[in-house]
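Notes for the one structure printed next.
Number of protein chains: 2
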Amino acid sequence: MRAAIVAIGSELLGTERLDTNSLRLTAALDRHGVELRKKAVLGDSEEEIAAEIKSLLTRVDLVLVTGGLGPTADDVTRQGVAAALGRGLSLDPEVLSGIEQRFRAYARRMPEVNRRQAEVIDGAVVLPNGSGTAPGLRLDLRQAGGDAAIFLFPGVPHELEEMIAAQLEPWLAARSGGIARQSVTLKIAGLPESVVEEQIASAYEEFGRESITILAGAGEIKLIATAAGPEAERAVLLAAMEERLAALAGDTVYTRNADDTLEKVVGDLLRQAGATVATAESCTGGLLAQRLTGIAGSSDYFLGGVVTYTHAEKTRLLGVPAELLAEHGAVSEPVARAMAAGACRAFGTAYGAGITGVAGPGGGSAEKPVGTVHIALASADGRMAHRRYRFPGDRERVRWFASQLALEMLRRLLLGNPGSVEALWK
Amino acid sequence: MRAAIVAIGSELLGTERLDTNSLRLTAALDRHGVELRKKAVLGDSEEEIAAEIKSLLTRVDLVLVTGGLGPTADDVTRQGVAAALGRGLSLDPEVLSGIEQRFRAYARRMPEVNRRQAEVIDGAVVLPNGSGTAPGLRLDLRQAGGDAAIFLFPGVPHELEEMIAAQLEPWLAARSGGIARQSVTLKIAGLPESVVEEQIASAYEEFGRESITILAGAGEIKLIATAAGPEAERAVLLAAMEERLAALAGDTVYTRNADDTLEKVVGDLLRQAGATVATAESCTGGLLAQRLTGIAGSSDYFLGGVVTYTHAEKTRLLGVPAELLAEHGAVSEPVARAMAAGACRAFGTAYGAGITGVAGPGGGSAEKPVGTVHIALASADGRMAHRRYRFPGDRERVRWFASQLALEMLRRLLLGNPGSVEALWK
């Protein structure tokens, strides 16, 4: 099956918004092994919609349309698709009563304009929308080139998401006869892409280059292994790739769950260990604390943090000796270590993290150029780890890298893997 | 002129990436009053590219293509466009020597594959690329329906951006005869869309509903006024709209510069006033400090912050009386006020901000449901402001709203507008 996605809405042709719905649809197509050939974005123009649908039906056999099903005059998706097929539209009394009932449930009368949403293209199957007034439609077409189908979905993201699960996926599963594609994602923090690529090179040979994708983000690498084919075969292949990649990348993999963030994983490790953490930040300005506390339930292990932009406060709040600041400057290994120990002491936590650096664009020097960051971790029992980094990029990237590496250092320590811990503690 | 944008690259049809280049192209089209009718995303398929270009030329007179100009075998944009036009491709010696020279400048020999990038569609104008090896191409077509043009640009964002400025904009300006569209953006924080809409309703009548757009984001509203027409006329209309909107919205407008963030504006006001600020955060977990310090040069006015997740540390680091915490709980007006005053005192700043609330998803109660946030500001001279909010949404949104409203409260105080300051200080 070959598919195309059409997003409709004049606001999607402006300078501010992108069609993001197509990513959700693409994921569903991907899971069922359907090849996406094209995405299109059109304004609310009946003529443009009709022309596009007509042209697409000569090239693909599945068209997924989102948006333009609302009640107002500029919502013309139904009209455009009907025109493309040379079909009529008529009011469906059952759909109408469903919409009226929805309004009654909120103790409101249905505005007259909403009658438009009960108009159904002749021959279409109505797809219920659990969260909104606009139902979806499916058109099953018998064509010269074979069968084809068009789905019309609302553009509201959470309505679309529900309808993908309830309407599209079962339909795709029935058509693909249980044949589908599935992926597994392994995430790695704090290593360059080239290092990861080298580590896993033999998996390319074993499973084929097209099965494994490396996606590099800021301070983070995703390894995505994809398997296609019948379910049993697919599961075996996917498990084999996952195990092979995990073995090759070792404990640099912080999660095998695509939805997990590094701060979530670190938080889970802290909770498992019954340990607590506090932060002392300079150049990251609270970013590390903010990431740690972005996780629901983080009060189980995060007790607090301090952001200090001045020498005096580093001394007063964190107990960093004034002599240390005078001798080495705020951006230095001894100060990072003293900040980490100070955070640990000030909040009475098992671990303390200290970050001090030059985020830029100003403040750099020959000895300490912009991007220089010292990260230290201290434990309540007196152990200490330190790393000095030189991060590339602008202020925002330097700060992000620093928070990312601090989290990764903490993760490695919590993992208790002797190899990496020994390398880290010193 | 009617335009379409085509982004080419199989990675843009996957589940991870979106075509964002089109936003830059759209902005350029918009400035020159060219109507964008359609955006399309295609994989690296010569056949699909050829079919799309052919179909577009029947519907628009300007096609902007990005991507697929690289040196490898899967880069087939040139081939696809040539096929659509029934034209040939031939190696351009001048382009080739330019590419070779580029490699020499980096002391490298040109790989053989890069010869492909010197292939030019017959009759095309070569557009120099200052930052990459792939030159752009422009095809001027004389068609039955009138003149048309196709631009081929590289997909690398910074190369594209340079070429938009150097190649596309001058061409558009020449064609539009100095007629263009221009926008001005006013930004407002912390007010609901409906309130802003009511405030500026009379501007709709005065300038026409299509000239003014309200765009609502999280805790932030953008008012975008757009004027079209010859330069002099446009400038007068734009200035009139800007002044009218600014007058109607009053000092709720925090900037008239689309690129300014709220934390940037607050920082500038602090610097102008020679004032300093410190933060005391609970539910926002450092987000306010992080936003304030995200601005280059923030060390001029930001001295530090504390994140306290426990009663004990609120007392020890910020001097919040233990009785207050016992009597009212951490999420309360008295504690927020004591935190703000404590931050001010602990860091010796002119202003202190205190935030305490229930970000969720857990921790809510009937009396203090999820989303309840107390924000307080204290000044070194003993003044105090407080607001209690109930923010909608998940943990991330509640935290964002809280930081946004804290910044907006601080901005109003710093503005010294008696009306709003009196309403706020109490």
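Protein chains in written order, with the working numbering: chain P, 1 to 426; chain W, 1001 to 1426. Glycine included, C-beta positions come from ideal geometry on N, C-alpha and C.
Residue i, enclosing alpha helix (DSSP H) - first and last residue
i, result
"W:Phe-1207", "1201–1207"
"W:Ile-1049", "1046–1056"
"W:Arg-1031", "1021–1031"
"P:Ala-312", "311–318"
"P:Leu-160", "157–163"
Nearest residue (CA-CA) to residue i, options the options
i, options, result
"W:Leu-1056", "W:Val-1184, W:Gly-1219 and W:Val-1081", "W:Val-1081"
"P:Thr-252", "P:His-32, P:Gly-304 and P:Glu-193", "P:Glu-193"
"P:Thr-255", "P:Val-184, P:Ala-239, P:Ala-376 and P:Glu-46", "P:Val-184"
"W:Ile-1150", "W:Ile-1212, W:Ala-1003, W:Leu-1292 and W:Glu-1281", "W:Ala-1003"
"W:Arg-1109", "W:Glu-1100, W:Val-1277, W:Arg-1387 and W:Arg-1115", "W:Glu-1100"
"P:Met-384", "P:Arg-390, P:Phe-391, P:Ile-375 and P:Glu-281", "P:Ile-375"
"P:Glu-281", "P:Leu-292, P:Glu-333, P:Thr-308 and P:Ala-246", "P:Thr-308"
"P:Val-277", "P:Ala-258, P:Ala-343 and P:Glu-198", "P:Ala-343"
"P:Ala-258", "P:Leu-269, P:Gly-250, P:Glu-242 and P:Leu-270", "P:Glu-242"
"P:Glu-16", "W:Ser-1403, W:Ala-1134, W:Thr-1213 and W:Arg-1397", "W:Thr-1213"
"P:Glu-35", "P:Arg-337, P:Ala-7 and P:Arg-181", "P:Arg-181"
"W:Gln-1404", "W:Gln-1290, W:Pro-1128 and W:Arg-1316", "W:Gln-1290"
"W:Gln-1199", "W:Ala-1246, W:Ala-1225 and W:Pro-1230", "W:Ala-1246"
"W:Leu-1025", "W:Glu-1011, W:Val-1126, W:Leu-1288 and W:Leu-1168", "W:Leu-1168"
"W:Glu-1048", "W:Arg-1395, W:Lys-1264, W:Pro-1128 and W:Thr-1077", "W:Thr-1077"
"W:Ala-1124", "W:Leu-1410, W:Val-1113, W:Leu-1089 and W:Val-1265", "W:Leu-1089"
"P:Leu-96", "P:Val-113, P:Gly-68 and P:Val-63", "P:Val-113"
"W:Val-1370", "W:Ser-1299, W:Leu-1318 and W:Cys-1283", "W:Cys-1283"
"P:Pro-111", "P:Lys-264, P:Glu-231 and P:Pro-71", "P:Pro-71"
"P:Arg-399", "P:Leu-191, P:Thr-372 and P:Phe-207", "P:Thr-372"
Neighbouring residues, chain W, relative to residue i (Cβ below 8 angstroms)
i, result
"P:Ala-40", "Lys-1038, Lys-1039, Ala-1040 and Val-1041"
"P:Glu-48", "Arg-1037, Lys-1038 and Arg-1059"
"P:Leu-23", "Thr-1015, Glu-1016 and Leu-1018"
Start-to-end residues for the beta strand (DSSP E) that takes in residue i
i, result
"W:Leu-1141", "1136–1143"
"P:Ala-149", "146–153"
"P:Leu-191", "Premise fails: P:Leu-191 is in no beta strand (DSSP E) and is neither H nor E."
"W:Ala-1216", "1212–1217"
"W:Leu-1172", "Unbroken run through W:Leu-1172 is the alpha helix (DSSP H), 1169–1176; no beta strand (DSSP E)."
"P:Thr-66", "62–66"
Per DSSP, the bridge partner or partners of residue i
i, result
"W:Glu-1035", "W:Arg-1002"
"P:Arg-17", "Looking at the DSSP assignment, P:Arg-17 forms no beta bridge with any residue, so it has no partner."
"P:Ala-40", "P:Val-6 and W:Ala-1040"
"P:Ser-183", "P:Thr-226"
"P:Val-307", "P:Glu-281 and W:Gly-1305"
"P:Glu-220", "P:Ala-189 and P:Gly-217"
Contact set between residue i and chain W, taken where Cβ atoms lie within less than 7 angstroms
i, result
"P:Ser-299", "Tyr-1309"
"P:Leu-215", "Glu-1016"
"P:Ser-379", "What P:Ser-379 touches in chain W: nothing, since even the nearest Cβ is about 19 angstroms away."
"P:Ala-347", "Here the sequence assigns Phe to residue 347 of chain P, which means Ala is not the residue at that position. What P:Phe-347 touches in chain W: Glu-1313."
Interface partners of residue i on chain P, CB under 8 angstroms
i, result
"W:Pro-1361", "Ala-296"
"W:Glu-1396", "Gly-294"
Interface partners of residue i on chain P, CB under 7 angstroms
i, result
"W:Asp-1030", "Thr-15"
"W:Gln-1290", "Gly-285, Gly-286, Leu-287 and Gln-290"
Where residue i meets chain W, residues with beta-carbon distance less than 9 angstroms
i, result
"P:Ala-27", "Thr-1015"
Within chain P, partners of residue i - CB distance below 9 angstroms
i, result
"W:Val-1306", "Gly-304, Gly-305, Val-306, Val-307 and Leu-317"
"W:Thr-1020", "Leu-18"
"W:Ala-1051", "Ser-55, Thr-58 and Arg-59"
Exercise. Where are the alpha helix (DSSP H) runs, 4 residues long or more, that stay fully inside the segment 1224–1305 of chain W, in chain order?
Worked result: Entirely contained in the segment 1224–1305 of chain W, the alpha helix (DSSP H) runs reaching 4 residues are, in chain order, 1231–1249, 1262–1273 and 1287–1293.
For this session: Would you list, in sequence order, the uninterrupted beta strand (DSSP E) runs of no fewer than 3 residues that lie entirely inside the segment 329–407 of chain P?
Result: Runs of the beta strand (DSSP E) inside the segment 329–407 of chain P: 351–357, 372–379 and 384–390.
Problem set entry | Segments assigned beta strand (DSSP E), at least 3 residues, entirely inside the segment 1085–1129 of chain W | Counting only unbroken stretches of 3 or more residues, the beta strand (DSSP E) elements lying wholly within the segment 1085–1129 of chain W are 1089–1091, 1119–1121 and 1125–1127, in sequence order.
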